[in-house]
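Quick note: the sequence shown uses numbering that gives the first Met the number 0, first residue 0, plus one each step.
One structure is given below, encoded as structure tokens.
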Amino acid sequence: MDDKEMEEKYERTAKKLRALGIILLIVGIGCVVTGTADLIISSSSWEEPTLFWLSFVGFPFIAGGGICTSFGFHKKVSGYMMSQQAPVAKDYANYMIDGTSDSVSNMAGKVANSVNDSSKVEGVDANTCSKCGTHNPLGAKFCSKCGAALTKKCPYCGAENDDGAKYCNNCGKSLF
Ligand SMILES: [Zn+2]
Ligand SMILES: [Zn+2]
């Protein structure tokens, strides 16, 4: 028997109990109201109350109805506790995980962006002309203002490095 069957069984039982409870409550309240009304009417007209006994009959009905109804609702609640709590907890966990993974991916994206930004900034800085201070776009080989070389040719391997590079990006040797 899986959770769904369990829940359905609970639900069916609870529905029956609630229906029975409500019927009993209605009958009981009807009896009490009729009995009390009869008592009031007959006492005001000095007649012997004939339906007053209904009040006494009504109370067990109300009590039984109340028990059935509360039990029906309690069953529903306990059914929910047993079968709903786990999926709800699972959903919540999933929600949390989703939220976390979202925020993690957002963070990762932000970190990646900031890394890109900083590399861009570094690139711009690296491509700042050492002669005139003009910022040149990343990858530029010559200053757009004064024409000075923005790259440093490695004396060992000939690879082109940023003007500010300290070590060759190809062979790793010092450029100073
Ligand atoms: Zn320049
Ligand atoms: Zn080199």
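Where is the CB? At the ideal position from N, CA and C, for every residue including glycine.
Any heavy atom of ligand 2 inside 6 Å of the beta-carbon of residue i?
i           : result
residue 147 : no
residue 156 : yes
residue 142 : no
Taking all protein chains shown into account, do 16 or more other C-beta atoms lie within 10 angstroms of the C-beta of residue i, making it buried, or fewer, making it exposed?
i           : result
residue 71  : buried
residue 126 : buried
residue 117 : Its pLDDT being 45, under 50, residue 117 is placed unreliably in this model, and the coordinates cannot settle the point.
residue 132 : exposed
residue 34  : buried
residue 64  : buried
residue 49  : exposed
residue 157 : exposed
CB-CB under 8 Å to residue i, same chain, minus the five flanking residues each way: which ones, in chain order?
i         : result
residue 7 : none
How about residue i: is its Cβ closer than 6 Å to a heavy atom in ligand 1?
i           : result
residue 133 : yes
residue 151 : no
residue 167 : no
residue 128 : yes
What did DSSP end up calling residue i once you bin it into helix, strand or coil?
i           : result
residue 155 : coil
residue 2   : helix
residue 143 : coil
residue 49  : coil
residue 148 : strand
Can you list, in chain order, the residues of its chain whose CB lies under 6 Å from that of residue i, leaving out five sequence neighbours each side?
i           : result
residue 139 : 126, 149
residue 177 : The structure shown does not extend to residue 177, since the chain is modelled only from 0 through 175, so no value can be given for it.
residue 27  : 57, 60, 61, 64
Validate contact between the segment 39-49 and the segment 6-15 using beta carbons, cut 8 Å, 3 pairs = no
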